[in-house]
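Trainee:
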Amino acid sequence: MSLAQPPTTPARRALFRAPIWIYRMGLGGLLGRRFVLLTHRGRTTGEARQAVLEVVGRNDATGAVLVASGYGRRSQWFRNIGAEPRVLFQVGGRRHRGTATVLSPSESGEALAHYAQQYPEAAVALMQGLGHEVDGSPESFERVGADPENGIPVVRLNPDDPPGSHYPDFSAP
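Under full-length UniProt numbering, the residue at position 86 of the sequence shown is numbered 86, and the numbers go up by one with no gaps.
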């Protein structure tokens, strides 16, 4: 099964959205620090929208996390944060208000190469499932991240709050 296209059938959409319900039930801690629940504003409606994304990098000193847009610049969440970068995000049981910043193509490439070094098998399988040719080398991941047209951009989620604190009220941004 290729993941190169966003899910179009109701069954596939429900499957892809299942992790959101895990967070909504208060069980986000079960997904650990490898995933983030991103709450963002719809660029047309202004309504709160959510997506669960894999964390491809982190800075424990600042609390920032990096996420990749697997469907590139056509991902709805990616287009939404371009219009409104103020977001809420939750990693495990920690909730934060913050700002989403798109990394430059070269920074995206470096972030994907670093992720591939940490999780080589998962990274290759994910890239191939998304329709990208990678051979497992850091250079092939850098190439995918650095391609401004068809690559995978990376976004930094910077928390407003310092590490160790969190907001108990997690209302929409």
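The C-beta atom is built at its ideal place from N, Cα and C for all residues, glycine as well. Values in this document were obtained by computation on a predicted structure and should not be read as measured data.
Within 10 angstroms of the Cβ of T39, are there 16 or more other Cβ atoms? Answer buried if so, exposed if not.
Mentor: Classification for T39: buried.
Trainee: Could I get the ranges of all uninterrupted beta strand (DSSP E) runs contained in the stretch 11 to 69, with 3 residues as the minimum, in chain order?
Mentor: The stretch 11 to 69 contains these whole beta strand (DSSP E) runs: 35 to 41, 48 to 59, 64 to 68.
Trainee: Could you check the C-alpha separation between L30 and T62 for me, to the nearest Å?
Mentor: Straight-line Cα distance between these residues: approximately 23 Å.
Trainee: Taking the alpha-carbon of V36 as reference, which of G42, L27, T44 has the nearest alpha-carbon?
Mentor: Of the candidates G42, L27, T44, the one whose C-alpha sits nearest the C-alpha of V36 is L27.
Trainee: Ignoring anything shorter than 4 residues or poking outside the stretch 89 to 142, list the alpha helix (DSSP H) runs there in chain order.
Mentor: Runs of the alpha helix (DSSP H) inside the stretch 89 to 142: 105 to 118, 120 to 129.
Trainee: Leaving aside the five residues before and after I22 along the sequence, list all residues of the same chain whose C-beta is less than 7 Å from its C-beta, in chain order.
Mentor: Cβ neighbours of I22 beyond the five flanking positions: G28, L30, L31.
Trainee: Mind checking Q117: buried by the 16 CB within 10 Å criterion, or exposed?
Mentor: Exposed.
Trainee: Looking at the strands, I want to know which residues DSSP matches up with R156.
Mentor: According to DSSP, R156 bridges with L66, T101.
Trainee: For the alpha helix (DSSP H) containing R79, name the first residue and the last one.
Mentor: R79 -> alpha helix (DSSP H) spans 76 to 83.
Trainee: Below 9 Å between beta carbons: does that hold for V55 and L112?
Mentor: Going by C-beta atoms, V55 is not nearer than 9 Å to L112.
Trainee: Within 8 Å, do at least three Cβ pairs link the stretch 88 to 97 to the stretch 129 to 146?
Mentor: Verdict: no, contact absent.
Trainee: Check this for me: beta carbons of A83 and S108, under 9 Å apart or not?
Mentor: In this structure, S108 does not lie closer than 9 Å to A83 by Cβ.
Trainee: When you compare only the Cα positions, how much space is there between P19 and E121?
Mentor: Computed Cα separation, rounded: 22 Å.
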